[in-house]
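FYI, the numbering for the sequence shown is 3 to 605, going by our numbering.
Backbone N, C-alpha and C define an ideal beta-carbon position, used for all residues, glycine too.
Each remark here refers to the structure printed beneath this line.
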Amino acid sequence: MEMIMALDEKTIELFRMEELVYSVEERIDMALSAILAVFKAAQPVICAFSGGKDSAVVAALVLHAALKAKEAGFTPLVVVTTGDTLVESPEVTQHYRKELAKMEKFGRTHGLNVLTHVVKPNLLATWQVMVLTGRGLPSFPGVSSDCSVDLKIRPQQKFRRELFRSMEMKGMKEPVTMVGSRMEESERRASHMKARQDRSDVPVKNKDGELVMTPLKSWTSDDVWEAIALYGSMLYPSYSDFEETKRLYAHAAGTSCAVVADAINEGGSKRRQGKCGARLGCHVCQMAEDKSLQNMIEYDERYSYARGLNRFNQFIRNTEHDWTLRNWVGRTIKAGFIQIAPDTYHPKMIRMLTRFMLQLDYDEEIRARSAGGKPKFQLMPLDIMIAVDAYQSLQGVATPFSVWADYRDIRNGVRYDIPEVPKVKKTPIPASRFLYVGDEWDSFSGNSPWAGVRDPLMEFLTEESGCAPELVTLKNGNVVWQAETAPLFTVDMESAFMIEEFEVDRLLAKHDGGFNPGGITAAYKWYRSYGCLSMPAALVSKQDEICRRTSFKDERGLTLEYEIDHLLAQTVAFSELPDDAREAWSNKATMETAQTEFDLELA
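Structure, rendered in structure tokens:
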């Protein structure tokens, strides 16, 4: 239990820290002393920064303490990290980048070693490459909240492991991470902090064995705003005046006062508007109806650029229970049958969402150009465009090079405006049915030159040349193209720029002509052959498996915009399955609404 010792040397009284009442100046002094002790122990400090008021005060305290440490003859190291999900509210993205730049400037001005880093998710785990390729759904309420894990937690964990390893190799002492968690935020937060035995005065080990300190543990929201006022007015050395922080809080609630807005957002229950704890969360978030962006749009015309993002969010929200927009074709064969039930998005929905995002990007480009500024957001940058195009082909949800065709059409005047649709009433997920396909899924056309990650036409044309793809034999005996290997799936940007500059016309000709001798997976194979895609070695076999599966489905008319009613007419109910199939699919007898689980890193 965290305690404080008071009175004199002869009499000691023990109090709970959270039961004591301090002025904000006293709280600042105590926090500075605790952080200063870490610097004096020659431990680097990692500051977790989100751009919100709590992390802003922690950053101010850390940099203030670093300045004190330097004045005392020490050499403090501060690393400030933040996460970019690539679907953040544009206002938040711009805000945290400006604040990070201010921290770096503060470090240069005062001779401090201040490093900043923006952590982004693995390309395959991004919202765009997950949802727009049929590999996953947005995280809807009551289903899952995987988005927080994939877009925020895992990328930060990976970066921290690499950072800590680097520090250890350089002989540095164990770093301490400073976070802005407060007991007052919510009962749930307080419960977790107590269970972890979080401390504001000394670092404690978390479950991963990392040292963490929570300087604001017993602070109130009013304490935080008072500290922002003191640091913002430069009564203490500060990296920022925090005017933009106050603006964001105020306008997100549609008011002119940040403190009032904060109280409105927290409310009596202390529940935040966003599932992951952010008031201004991701603009695609479906976990809670976060109205902060809508409030900003209605409050001030300066946010009018975000109207399309708000419409996009609402379209997804209103169509959540439209089962005609879901892909009903399962991925696994058991006893010769595949499951037919709504799962991820149908190819026609994927096509719509892809076009909407490309249209939003183009509209923002035009707006920014007219205003003489830079775009506030870009939903489909080049690497994501190529990854989406490649994976749509691999998964069989779009004809090869469809993304480039949509990109061209939009710039030629075709518009894909987001419609206003009524909210589809929630209904039970339709019961699973089953389609007989035989047992050839994984071995389909195993000896065919068109199956798997190979293209015989290209191999023939490049035979005995330096451009011929290198072949490798997998453990299962399949021969495939060797891939450029990397720790994570990535798009090589040099190759991407070459494609954009010199190859797009040829790709569009392939798309428009409908001539793809490599089948529906031709686009994926083309990007592989161009050396544009790099991946872990384990993914080479996985993608060959997916490629063969997609070819199998394409042969049977189970890809692209198939008719759901026609598909259902070919199926049988669970009770109509043969005995061996009923046993294989027994879990669907009682769990017919189960959602498909898959590994985003490898799917």
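The Cβ atoms of residue 307 and residue 378 lie closer than 7 Å to each other. Bridge pairing for residue 82: 49, 118 [DSSP].
When C-beta atoms of the stretch 177-189 are compared with those of the stretch 207-214, three or more pairs fall below 8 Å, so the two segments count as touching. Contact between the stretch 568-581 and the stretch 423-440 is present: 3 or more CB-CB pairs across the two stretches fall below 8 Å.
Setting aside the 5 residues that flank it on each side, residue 470 is surrounded in the same chain by 464, each with a C-beta closer than 6 Å to its C-beta; the list follows chain order.
The alpha-carbon of residue 422 is positioned some 38 Å away from that of residue 494.
Beta-bridge pairing by DSSP links residue 96 to no other residue. Annotation note: the stretch 342-395 contains the following uninterrupted alpha helix (DSSP H) runs of length 4 or greater, listed N- to C-terminal: 349-373. Looking at the DSSP output, residue 575 bridges to 435. Residue 536 sits in a strand when the DSSP states are folded into three classes. Less than 7 Å separates the beta-carbon of residue 288 from that of residue 140. Assigned with DSSP and collapsed to three states, residue 289 falls in coil, not helix or strand. In summary, residue 480 is buried, with 16 or more beta-carbon neighbours lying within 10 Å of its beta-carbon over all protein chains present. Distance from the CA of residue 152 to the CA of residue 552, rounded to the nearest whole angstrom, comes to 25 Å. From the listed residues 55, 48, 44, 50, the smallest Cα separation to residue 75 is found for 44. Residue 336 and residue 92 have their alpha carbons spaced roughly 45 Å apart. Note that the C-beta distance between residue 161 and residue 121 is below 7 Å. If one requires a minimum length of 4 residues, the alpha helix (DSSP H) runs lying completely within the stretch 459-527 are 495-500, 506-515, in chain order.
For residue 340, the pairing in a beta bridge is given by DSSP as 437.
Distances from the alpha-carbon of residue 157 to those of 110, 145, 31, 86 put 86 closest. An exposed status is given to residue 35, since fewer than 16 other beta-carbon atoms sit within 10 Å of its beta-carbon. Cβ neighbours of residue 562 within its own chain (closer than 6 Å, five residues either side excluded): 349. Between the stretch 364-373 and the stretch 98-117, the count of Cβ pairs shorter than 8 Å is below three; the stretches do not touch. Residue 542 and residue 397 have their alpha carbons spaced roughly 15 Å apart. Look at the beta carbons and you see the stretch 380-392 touching the stretch 404-424: at least three pairs across the two are nearer than 8 Å. Rounded to the nearest angstrom, the gap between the Cα atoms of residue 25 and residue 168 is 40 Å.
For residue 215, the uninterrupted beta strand (DSSP E) run begins and ends at 213-215, by DSSP. Boundaries of the alpha helix (DSSP H) harbouring residue 64: 55-73, taken from the DSSP string. Within the same chain, Cβ atoms closer than 8 Å to the Cβ of residue 477 are found at 543, the five residues on either side in sequence being excluded.
Annotated three-state conformation of residue 333 is coil, per DSSP. Taking a cut-off of 8 Å for Cβ pairs, the stretch 341-355 and the stretch 317-332 touch, as three or more such pairs fall below it. In the structure shown, residue 174 adopts coil according to DSSP, grouped into three states. Inter-segment contact for the stretch 47-67 and the stretch 216-233 is present: three or more beta-carbon pairs are separated by less than 8 Å. Secondary structure at residue 558: coil, using DSSP grouped into helix, strand and coil. Taking residue 411 as reference, the option from 357, 246, 381 with the minimal CA-CA separation is 357. The three-state reading of DSSP puts residue 40 in helix, counting H, G and I together.
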